[in-house]
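Protein chains in written order, with numbering that gives the first Met the number 0: chain A, 0 to 210; chain B, 0 to 678.
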Amino acid sequence: MSDAAVAGVTHADHADHPPTSTGLSNEKLGMWVFLGSECLLFGGLISTFLLYRSKVLPDIPGGTAKPLHETFNIAFTSASSFVLLMSSLTMVLAVSALAQRNIRGTRIWLAVTALLGMMFISGQVYEFYEFVNVNGYGLTHSPAWSAFYALTGFHGAHVTIGIVMLVTCLALTFSGRVNGDNPETVEIVGLYWHFVDVVWIVVFTLVYLIK
Amino acid sequence: MSSTDAQLALGSGSGTAGKPLGVFARAGQTTGWRSWVTTVDHKRVGIMYGAAALFFFVIGGIEAMLIRLQLAQPNGNVLSADQYNQMFTMHGTTMIFLVVMPIGASFMNYLIPLQIGARDVAFPRLNALSFWVFLTGGIMLNSSWLLGGGADGGWFNYAPNNGVMFSPTHGIDFWNMGLFLTGIASLVGAVNLITTCLNMRAPGMTLMKMPVFTWMSLVTQFMLLFAIPVLTAAQVLLAFDRLFGARFFDVAAGGDPLLWQHLFWIFGHPEVYIMILPAFGIVSEIIPTFARKPIFGYPFMVFSGIAIGFMGWGVWAHHMFASGIGPISVAAFSVSTMFIAVPTGVKILNWLATMWGGKLRFTAPMMYSVGLVTMFTIGGLSGVTHAVSPADTQQTDTYYIVAHFHYVLFGGALFGFVGAWYYWWPKAFGYKLSELHGKINFWILLIGFNLTFGPMHILGLEGMPRRTYTYYDGYNFNLWNMVATVGAAIIGVSFLYFFWIIWKSRKDALAAKVDVGPDPWDARGLEWSIQSPVPTHNFDYTPTVKVFDDFWYRKYQEDENGTLQPVATAEEIAQPGNGEGVHLPSPSYWPLVMAIGLPIIGYGLIYTKLLVIPGLLIAVAAFVGWVNEPSTDPEAGHGEPHDDEPSPEPAGTAAEDATEPETEADSAEAPVTEEVVAP
């Protein structure tokens, strides 16, 4: 009975490991450590953007350069930001559902979270498309636009990786590897997802809102 | 994939054994090359890290010899100016990223779990991934030699000199892609080893009872964790510039080359401590052993390392005193640079105080350690002279700087590593390297090292610029350059001798069948409380730690006069090495597959985007296979596959697994339900 209880609460992969020194599982601690590293990656890209945000070039030689925010569609990006932030809520609901051994709820909320993430990414793709093909501001236009695409693009890549993780979790609920006995897997994916959302709050503020 | 309620009761992984994706059977071999490419054992990963680093060391050494041959005489014509640029760039890059860092990683991988009493690292497969990605990254970086020439902008590759306009070959692209990969390796390793240090310590081993080497490794890994992403961010900008035409470092468009310098050195200065701290940890293990005294001022040793870890972030701009960053920045970074000499000085004092009054035994590892302390002190002193910014503007870009960083990295890090090889060799391989030859080699290396890099102080102060492929006659540079080249040849001989010593010691040990026992040096750490070579499962049972240097105090107790009295021999208290009932992480192909996929993406980005797709597919396949494969094979059964004693009880399942029953070849998904058999 006690064996079964132990196997129930720990990751079965590590069921024979002694309890950890910090009390956190290796997986969760590892994710926190990794997110610490990610802060510096985004820190470097955000610094680059802040340094370069005013380094725009005129569209025609001798003309006046158009600042970035005159091209942005704040209303549209606000809406897609709202979608991303709501995905954090649904992520919490997925974690909570699994903790209550509600597999069906977990699947639904994981799927909704992934869908919201995809909506955000679609919005970003649409936005990039508008900037490049309608306004003519591509990666190669000027340092400011290079920095814009590097920063927001990297964030988009992180969201995409998050979607892959969510879909993987969803698939693993069907194979039985993610289940009510080890809700931590989803919780750890949630940590990553919330981190990416928090980064977007910073990016949205610094890139879009501050003029 | 089907879902049944029955599976929900199972812990993760219980249902999916066999062949993830139907591609590979679980690797079951314990010997032969397959066992090495699929291993997740931290000891084997550590050994592979060391072996690969030595291989790259030979490449970097050949590059160094060519540089010295070119500079042996004025108007040298061994290399063209362009070849010389590639040579010093690749020498620096190789020695830093492919030699010093991975040798450090080698010791950390091997030793941390043993020193904290753990069975393995926290994430064994990530550990294997870290090694394989490092290896493929190093190979990719060096493949540039065969594909149009190496990078030619110096290891720091300053903008805008690193742009396509000034460096039109693919050399810097290879540099970029190769270092992305080694960066992934370092990051993965950092997450893994930090988690290991924090989470897998044996009962009783509080943080302030961890061995100093483990402490310095932990600090190093935290620095890697935060430094590597900054380099990655800078490299992303450079890659976008070079490959996709972005304008980050296009000065005409308003791009700022100083941005690159700042980002690079925010990574680059912590990197200096990333390279030296493991060696500091190593001598902090070796010196107490051979002085037969505990390390002097253990908390100071730990906290000075942590202080270096923090202060290392506040000194980067001393690499940029000549860049015009303004008097206030220069003054601030001057002061912070002088301050960081303090914790380093604390360490040197503590090593001296550890030796003071000790019963010193001058074994080969001890001699290399003392060599580190002295040579590093010389390099440290010349380092403080750079902190004085007026002097530094005179020294910048001269051979004085070259002399300085070779004294700290070669005289410091590498001397420590060689000492560590002598010290832990018997633990890893079961025989000692020859003490006599080791001591002779120490003096050869010491002389060659000082002949090579000592004169560079003089050359630098005389104004000889670095990174310049030749010099004219009549500048008074001739003599010392020739001396340095002779010294470099001596270093070359010393390392050939070292490789011979390894070969000879192994041959002698095989012939004599010596048993070094668990504790050949009468040492202090937990790694000496188990058999040599270390059994696959490390510890038979998890040790319990009461005090710092616990193993030592189980061997010796102080009597009422304060003198040490032996109370037990190492042989009596060492664990016998019986791995019955131990459940180890299972080998896996997926780290290797992932590491093969990533450089293909890199080549694709450089040459043709089409190649990105197969690379990505391989990486994604590896990810899927990885996720679907339980890290410990539920089929493997308990009892580790020991060399001589096959584990009795679950032999049936283990043997079945090893012989890859072909009948299951196509059943990737089917066994999910069938294999759920209660053990």
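Beta carbons are placed, not taken as given, at the ideal position from N, Cα and C, and that holds for glycine. Predicted, not measured: the structure shown is a model, and the values here were computed from it.
| Item | Value |
| --- | --- |
| Along the alpha helix (DSSP H) that carries tyrosine 602 (chain B), what are the first and last residues, could you check? | 589-605 |
| Using only the alpha-carbon positions, how far apart do valine 44 (chain B) and alanine 127 (chain B) sit? | 6 Å |
| Would DSSP call glutamate 559 (chain B) helix, strand or coil? | coil |
| Evaluate the contact criterion for the segment 274-290 of chain B versus the segment 323-342 of chain B: three or more CB pairs, one atom per stretch, below 8 Å. | no |
| Using a Cβ cut-off of 9 Å, pull out every chain A residue sitting near phenylalanine 247 (chain B), in sequence order please. | Thr47, Tyr51, Pro142, Ser145, Ala146 and Ala149 |
| What did DSSP end up calling threonine 21 (chain A) once you bin it into helix, strand or coil? | coil |
| Which residues in chain B sit within 7 Å of threonine 21 (chain A), going by Cβ to Cβ distance? | Leu197 and Asn198 |
| Quick check on DSSP: helix, strand or coil for proline 464 (chain B)? | strand |
| Does the segment 206-216 of chain B touch the segment 552-561 of chain B, meaning 3 or more C-beta pairs lie closer than 8 Å? | no |
| Nearest by alpha-carbon distance to serine 20 (chain A): which of B:Gly370, B:Leu445, B:Asn198 and B:Asp539 is it? | B:Asn198 |
| If we define contact as Cβ-Cβ less than 9 Å, is methionine 207 (chain B) a contact residue for chain A? | no |
| Applying the 10 Å Cβ sphere with the 16-neighbour rule, what's the burial state of glutamine 220 (chain B)? | buried |
| Express the C-alpha separation of leucine 92 (chain A) and glycine 175 (chain A) in angstroms, rounding to a whole number. | 20 Å |
| Starting from leucine 138 (chain A), find everything on chain B with Cβ-Cβ shorter than 9 Å and list it in chain order. | Phe239, Phe243, Gly244, Ala245 and Arg246 |
| Return the CA-CA distance between histidine 154 (chain A) and methionine 455 (chain B), expressed in angstroms with no decimal places. | 47 Å |
| What is the rounded straight-line gap between the Cα of tryptophan 520 (chain B) and the Cα of glycine 437 (chain B)? | 15 Å |
| Residues in the same chain with beta-carbon distance under 6 Å from proline 425 (chain B), minus the five sequence neighbours each way, listed in chain order, please. | Lys431, Val515, Pro519 and Ser531 |
| Give me the DSSP bridge partner(s) of threonine 397 (chain B). | B:Pro464 |
| So leucine 107 (chain B) packs on leucine 237 (chain B), CB below 8 Å; how close in whole Å? | In the sequence as displayed, the identity of residue 107 (chain B) is methionine instead of leucine. Methionine 107 (chain B) to leucine 237 (chain B), Cβ: 29 Å. No contact. |
| With a threshold of 9 Å between beta-carbons, can glutamine 132 (chain A) be considered close to chain B, or not? | Here the sequence assigns asparagine to residue 132 (chain A), which means glutamine is not the residue at that position. Closer than 9 Å: no. |
| So for aspartate 656 (chain B), helix, strand or coil by DSSP? | Below a pLDDT of 50, predicted positions are generally treated as unreliable, and aspartate 656 (chain B), at 38, falls in that range; the measurement from the model is reported next regardless. Helix. |
| Verify the CB distance criterion: does glycine 116 (chain A) have a CB-CB separation below 9 Å to chain B? | no |
| For a test of the three-state rule: what should DSSP assign to proline 269 (chain B), helix, strand or coil? | helix |
| Give me the residue from B:Arg241, B:Lys292 and B:Phe338 with the minimum Cα distance to methionine 310 (chain B). | B:Phe338 |
| How would you label serine 80 (chain A), buried or exposed, when you count the other beta carbons within 10 angstroms and need 16 or more for buried? | buried |
| Within 10 angstroms of the Cβ of glutamate 628 (chain B), are there 16 or more other Cβ atoms? Answer buried if so, exposed if not. | buried |
| Helix or strand or just coil, what does DSSP make of proline 532 (chain B)? | coil |
| From which residue to which residue does the alpha helix (DSSP H) around tryptophan 214 (chain B) run? | 211-243 |
| Rank A:Ile160, A:Ser53, A:Glu37 and A:Leu208 by C-alpha distance to the C-alpha of methionine 117 (chain A) and give the top, closest one. | A:Ile160 |
| Smallest Cα separation from aspartate 119 (chain B): which of B:Ile183, B:Glu526 and B:Ile599? | B:Glu526 |
| Which of the three DSSP states, helix, strand or coil, is assigned to proline 683 (chain B)? | Because chain B is modelled from 0 through 678, residue 683 (chain B) falls outside the range shown and cannot be assessed. |
| Which same chain residues end up closer than 8 Å to glycine 429 (chain B) when comparing Cβ atoms and leaving out the 5 residues on each side of it in sequence? | Ala508, Asp514, Val515, Ser531 and Pro532 |
| Strictly below 9 Å CB to CB, what residues from chain A border proline 228 (chain B)? | Ser36, Glu37, Cys38, Leu39, Leu40, Phe41, Gly42 and Gly43 |
| Does DSSP put proline 60 (chain A) in a helix, in a strand, or in coil? | coil |
| Assign proline 167 (chain B) to one of two classes, buried (16 or more other C-beta atoms within 10 Å of its C-beta) or exposed (fewer than that). | exposed |
| Use the C-beta contact count for glycine 370 (chain B): other C-beta atoms within 10 angstroms, 16 or more gives buried, fewer gives exposed. | buried |
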